[in-house]
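Numbered according to mature numbering (1 follows the signal peptide of the UniProt record, and there is no 0), the sequence shown spans residues -19 to -1, 1 to 451.
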Amino acid sequence: MPKSLYVLLLIAYTSFVVAQPSQQKKLEESKAKIQKEILANEQKLQTVKKKEKSVVHVIDLQNQKIKLKESLIATTEKQTQLLSNGMQSNELKIKRLDHELHLLKADYAEMILKSYKSRSEESRAMFILSSSSFLQAYKRLQYMKQYSSYRVMQGKEIESKSKELLNFYDKLKVQKSQKEQLIAENEKEKTSLEVEKKEQQQIVLSLQKDQKKIIAEIKKKHQQAKAIDKEIDRLIRKAIAEANRKAALARAAKEKALKEKLAKEKALADKLAKEKLARELAAKEKAVASKSNIKANPTVVTKPKVVVAAKEVPKKAAPVSTTKMELTSEGKLVSDNFKANRGRLPWPVDRGEVFLGFGTQPHPVYKTLTIQNSGLSITTYKGAKARAVFAGEVFSVIAIANSKAVMIQHGDYFTVYQNLGTINVAKGDKVTAKQPLGTINTNADGKTLLKFTLCENVNYVNPKPWLSAK
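Written out as structure tokens, the structure reads:
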């Protein structure tokens, strides 16, 4: 084998060996995190089963649990595969070491045999004395010393290789044990997963009995959500129209002031021009009058025509946009800062989980029923407070049915916090990031749910990518 190829293979092999423990550690950490999430989900599920009447929430938590278990099984399978790779690597090492040890022992045995044949002091002395010259005798003496040292070195190398071989056998034994344990764990989790899926099916079957009633309730809530979204849209359009109207007035006032300035400058220039012309005409008339033939040939003096400027027809005011806000320099700064924090905004609750994501999606139980969610529905604990995700100004406090919503403006972005009970802020208040806005309602089923929406002008956007990772 070429030396360069051997070196490359050695580097690749070493990298693989070094990377394995690191990968195993990462998988172990990931596994521990998933197990912790499964435990938290199980506790939440048991609490919900006791307190809530909402079977839909139970199903959602059950779905989360199933996904977590599937993730745990996948992680364990990765660990098993990594161990298998490690075992295969160690088996190759054992074969290589075994082969090297076999060659070393054979070489050592041959040396011992030769040494045995020439073990007498007399034969060694004769070997040196039979030299044809002093130089040859010296070289033979050095050879005998080196041969003796080489024997000792070979013996030590055999001992070292034997220990290394035993070490790899021990490692392989541990890896086999770990692999068996992981396989057993996975089988247990797979059995548990099947139980969870069967339980899920039972819950779904029980729901189908009250399907019409539940679907009607879901549609009613969906209509309520649409009414709130409609009101939010109306308020945002109103805010945009008002901001754009003020901007248009400011722009018109600026244009008017500029026109007046230009008109004054023109009037002054015209006045000076007329005065100059009048002086020139007077001088000309005087010169003509002094001539003797003024009576015979009267000079007709033509007066300059006065040009009357046409009246400016006022332009019709352009319609004010209600979909895109014209920002002031201050508003643009706030908007740019908000945009720059995409992916780093704090969550609107200090602790919670996404119950329903953004956009159109099938219902978790009734797959034929689609749900349109304009934001994120986040479940949290009883008594939790909604908090501002960024500094801004309270634009409006909306009261619809039995709940309230707070709208905060951040330039041309708006964040809305729905399903609040008590409110801690008022319209016009300046708020800071993470400032409490109000307490989130807990319904009769024991569910505490905050709906959080984000709008850029009148467009709803998915808030999830804007929030920081937990």
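Where a beta carbon is used, it is the ideal one built from N, C-alpha and C, also for glycine.
- For S377, the three-state secondary structure derived from DSSP is strand.
- Boundaries of the beta strand (DSSP E) around E334: 334 to 337.
- Under the DSSP assignment, G312 falls in the alpha helix (DSSP H) whose first and last residues are 310 to 321.
- Beta-bridge partners assigned by DSSP to R368: P417.
- R325 sits exposed, since fewer than 16 C-beta atoms from the chains shown fall within 10 Å of its C-beta.
- Beta-bridge pairing by DSSP links T56 to no other residue.
- Comparing alpha carbon positions, the residue from S449, K169, L430 closest to N322 is S449.
- Leaving aside the five residues that flank V330 on each side, the residues in its chain whose CB is nearer than 8 Å to its CB run, in chain order, I359, T361, A365, K366, A367, R368, I421, L431.
- Between the alpha carbons of E223 and M306 lies a distance of about 9 Å.
- For V439, there is no enclosing beta strand (DSSP E), as DSSP marks it with neither H nor E.
- In this structure, S316 lies near H391, with their beta-carbon atoms less than 8 Å apart.
- Taking C-beta atoms as the reference points, Y398 and F433 count as a pair closer than 8 Å.
- Using a Cβ-Cβ distance cut-off of 8 Å, the stretch 157 to 169 and the stretch 37 to 57 are in contact, since at least three pairs of beta carbons, one from each stretch, lie closer than that value.
- Taking every protein chain shown into account, the CB of M134 has fewer than 16 other CB atoms within 10 angstroms, so this residue is exposed.
- Per the coordinates, the alpha-carbon of A229 lies some 16 Å from the alpha-carbon of K240.
- Here V406 is buried. Its C-beta has 16 or more other C-beta atoms within 10 Å.
- The three-state secondary structure of M388, taken from DSSP, is strand.
- Listed as beta-bridge partners of I359 by DSSP are V335, L431.
- For L401, the enclosing beta strand (DSSP E) begins and ends at 394 to 404.
- With fewer than three CB-CB distances shorter than 8 Å, the stretch 62 to 72 does not count as touching the stretch 170 to 184.
- Bridge pairing for P343: T351 [DSSP].
- V155 carries a helical assignment under DSSP once its states are collapsed to helix, strand and coil.
- Taking the C-beta atoms as reference points, V375 is found no nearer than 8 Å to K415.
- Exposure of N148 is indicated by the presence of fewer than 16 other C-beta atoms within 10 angstroms of its C-beta.
- One thing to note: N443 has its Cβ no nearer than 8 Å to the Cβ of F319.
- By the Cβ neighbour-count rule, S158 is exposed, with fewer than 16 other Cβ atoms within 10 Å of its own.
- Between the C-alpha atoms of K17 and P343 there is a straight-line separation of about 28 Å.
- In this structure, DSSP gives K142 a helical state, which the three-state scheme calls helix.
- In this structure L243 is exposed. Its beta-carbon is surrounded by fewer than 16 other beta-carbon atoms within 10 angstroms.
- The DSSP-derived three-state label of V330 is coil.
- Beta bridge pairing from DSSP links T423 with T429.
- In the three-state scheme derived from DSSP, where H, G and I count as helix and E and B as strand, K411 is classed as strand.
- In this model, N44 and I139 are separated by some 59 Å (Cα to Cα).
- Sorting I184, T349, K137 by C-alpha distance to the C-alpha of I196 places T349 at the top.
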